[in-house]
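Peer 1:
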Amino acid sequence: MNFALKKINNWWKEFNVIQIQKMIVIAMVDAIVSGFSMNILPSHYTINLGVAILPIYYYFDRRLNPIVASLFIASIGLLFRTFTGYYYYGSFEAAFWADFNFLFFDLTYGLIFYLIFYKDLRKTLFTLYLASMASDFLGNASEFISRYGIMEYTSNNVMATLFLVAAIRGVIAVTLCVSINYYNSFLRKEEHDERYRMLLNIISDLKGEIYFLHSNTEHVESVMDEAFSLYREYDKLDEAHRKNKALNIAKDVHEIKKNYFRVIEGIDEIILKEKPNDKLSLNDLSKILHLSLTRQLEMSHVPIVLTFHVHSDALIKEHNLLMSVLRNLINNSVEAIENGGKVEVFHNENEIRHEFVVVDDGKGMSLEMQAYIFNPGYSTKYDDETGNSNRGIGLSLVKDIVENVFNGSIEVESKAGIGTRFCVKVPKESIE
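To get our numbering, take the position in the sequence shown, counting from 1, and add 180.
#1: From this set, L308, E435, L386, which residue's C-alpha is nearest E398's C-alpha?
#2: Would V505 be called buried (16 or more neighbouring beta carbons within 10 Å of its own) or exposed?
#3: Quick check on the burial criterion: 16 or more other C-beta atoms within 10 angstroms. Buried or exposed for S466?
#4: Output yes or no for whether 8 Å exceeds the beta carbon distance between S326 and N361.
#5: Quick check on the burial criterion: 16 or more other C-beta atoms within 10 angstroms. Buried or exposed for Y309?
#6: Pull up the distance between the alpha-carbon of F554 and that of F240, whole angstroms please.
#7: When we look at the beta-carbon of K579 and count the other beta-carbons within 10 Å, is it buried (16 or more) or exposed?
#8: For my contact list, G134 and G542 are in at a C-beta cut-off of 8 Å; report their separation, rounded to the angstrom.
#9: Please go through the same chain and pick out, in chain order, the residues whose beta-carbon is closer than 8 Å to the beta-carbon of V585, but skip the five residues on each side of it.
#10: So the alpha helix (DSSP H) T264 belongs to, where does it begin and stop?
#11: Look at the Cβ atom of Y289, then the Cβ atom of G319, and state whether they are nearer than 8 Å.
#12: If you measure between the beta carbons of F297 and S322, is that distance less than 8 Å?
#13: Quick one, are the C-beta atoms of A275 and R261 less than 8 Å apart?
#14: A314: which of N336, A347, V338, L287 sits nearest, CA to CA?
#15: Comparing the C-beta of D540 with each C-beta of chain D, is any distance below 8 Å?
#16: Out of curiosity, what's the CA-to-CA distance linking L427 and I390?
#17: Who are S589's beta bridge partners in DSSP?
#18: Could you give the distance in angstroms between the alpha-carbon of A420 and the alpha-carbon of Y414?
#19: Counting beta carbon pairs with one atom in the stretch 504 to 518 and one in the stretch 535 to 551, are three or more of them shorter than 8 Å?
#20: Take the Cβ of S569 as the centre, count every other Cβ of all protein chains shown within 10 Å, and call the residue buried at 16 or more, exposed below.
#21: Can you give me the Cβ contacts of A232 inside the same chain, cut-off strictly under 6 Å, excluding the 5 residues immediately before and after it?
#22: According to DSSP, R533 sits in a beta bridge with which residue or residues?
#23: In the DSSP assignment, the alpha helix (DSSP H) including H489 goes from what residue to what residue?
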């Protein structure tokens, strides 16, 4: 009894208003499409095309529970057929009982699909086909037997016909899923090509700004020489020469300032060339981060394994800020590892929010230290050789972005000598 209640409670947690709305829409579409049917058996048993669409919903929205969805499909479908069958059967009661046996198909289909596909962690196209065919065949079998009995089911090649129908509708469902995946890949490739061209343009523009920075560096060195010359010869020069040298230095500094302002404006212009509605998928964001941080780790020669567990095509509009948050958290974890270890980044999402978790097996932190890590200027990174510490703005910046820009939250769990876990939760509407 307790196990059953716990199971029901877990199911209920999976759903929210958006999930329920999705199931209602799916049930209404299924009820309408089911009107397109054909009779292929001697007993006037109808076969409709709506069943071929159901696996597509379950394949692309892995949070849809087939059992719960089948309850919506069965109830809304029966209600729809009762109202539309009124004129054909002459009364609502007759229309209701005429189509009541559809419930056996819908409920059996949902149960079988749940057991074969929903419970499978991999959820491959082969599993989808197997689930589609088995659910279709057994669903039709349960409905047919409830209508005409087991004797009719085992005669007149009914089983073979229903099996063939299930196989064909399964092929249709998988073909549609493959086609949609291919189309999405094509769109992503176009987006990647456009982004690559844009990055090439940015690199070209930045090279021009870097040239001016190098020129400015030489100018700075000449001004430093001039200033040192004034300092060294100050007592030997008369008032007029001092003023003249100081004025020349001031002019040169003014020119340097103007050049730097021009470079800053140029870089700002380059950055703003990106479209304001330009988005980046979480998968691509994680790949970019993994590539850049892996190179950084290789240069540091510290044996640290960085792993991303991100499998989402959600498009992020605030990808620059999100990348800054994750980069700072990962860098913090890397700096906490002294003699090798691992850093893992996990991502979970529901209909309301994204959750990012960064875990490391570094030296960890005490409870006292955890109370101060988000304060500006606080840092635990101290260089014994130079006596310098980091500026301590990384985690402070992360907290500011997460709470004040994303309207989210950040939590930290850490144990000295074991490791640290940062958890960032942000509403979807803030970053998508």
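Where a beta carbon is used, it is the ideal one built from N, C-alpha and C, also for glycine.
Peer 2: Taking the coordinates as given:
#1: Walking along the sequence shown from the start, residue 398 turns up at place 218. It is E435 whose Cα lies nearest to the Cα of E398.
#2: Numbered from 1 along the sequence shown, position 325 holds the residue referred to as residue 505. Looking at its Cβ environment, which holds 16 or more other Cβ atoms inside 10 Å, V505 is buried.
#3: Here residue 466 refers to the residue found at position 286 of the sequence shown. Buried, since its Cβ has 16 or more Cβ neighbours within 10 Å.
#4: By one-based count along the sequence shown, residue 326 stands at place 146. By one-based count along the sequence shown, residue 361 stands at place 181. Contact flag unset, no.
#5: The residue labelled residue 309 in the question sits at position 129 within the sequence shown. So Y309 counts as buried.
#6: What you label residue 554 is simply residue 374 of the sequence shown in a count that begins at 1. What you label residue 240 is simply residue 60 of the sequence shown in a count that begins at 1. One C-alpha to the other measures close to 39 Å.
#7: The count along the sequence shown starts at 1 and reaches residue 579 at position 399. Its Cβ being crowded by 16 or more others within 10 Å, K579 is buried.
#8: No answer is possible for residue 134: the residues shown for the chain start at 181 and end at 612.
#9: By one-based count along the sequence shown, residue 585 stands at place 405. For V585, where only same-chain residues beyond five positions count, the Cβ hits under 8 Å are E498, L501, S610.
#10: Looking up residue 264 in the sequence shown gives position 84. Per DSSP, T264 belongs to the alpha helix (DSSP H) from 246 to 264.
#11: The residue you call residue 289 lines up with position 109 of the sequence shown. The residue you call residue 319 lines up with position 139 of the sequence shown. Yes; because the gap between Cβ atoms is below 8 Å, this pair is in contact.
#12: Start at 1 with the first residue of the sequence shown, and residue 297 comes out as number 117. Start at 1 with the first residue of the sequence shown, and residue 322 comes out as number 142. No. Outside cutoff.
#13: Against the sequence shown, residue 275 aligns to sequence position 95. Against the sequence shown, residue 261 aligns to sequence position 81. Contact: yes.
#14: Indexing the sequence shown from 1 puts residue 314 at position 134. Closest option to A314, Cα to Cα, is A347.
#15: Absent here is chain D; the protein component of the structure consists of one chain.
#16: One-based indexing of the sequence shown puts residue 427 at position 247. One-based indexing of the sequence shown puts residue 390 at position 210. Using only the alpha carbons, I get a separation of about 28 Å.
#17: Your numbering for residue 589 matches position 409 in the sequence shown. Residue pairing by DSSP places S589 opposite K605 in a beta bridge.
#18: Within the sequence shown, numbered from 1, the residue matching residue 420 stands at position 240. Within the sequence shown, numbered from 1, the residue matching residue 414 stands at position 234. In a straight line, the C-alpha of A420 is about 11 Å away from that of Y414.
#19: yes
#20: Locating residue 569 in the sequence shown gives position 389, where the first residue counts as 1. Confidence in S569 is poor, its pLDDT being 41 and thus under 50, which makes the residue's placement too unreliable to answer from.
#21: Against the sequence shown, residue 232 aligns to sequence position 52. Taken in chain order, the residues that qualify are R349, I352, A353.
#22: Within the sequence shown, the letter at position 353 stands for residue 533. Note: R533 sits in a beta bridge opposite P607.
#23: As a working note, residue 489 is residue 309 in the sequence shown. Taken as a continuous stretch (DSSP letters only), H489 belongs to no alpha helix (DSSP H), being part of the beta strand (DSSP E) at 484 to 489.
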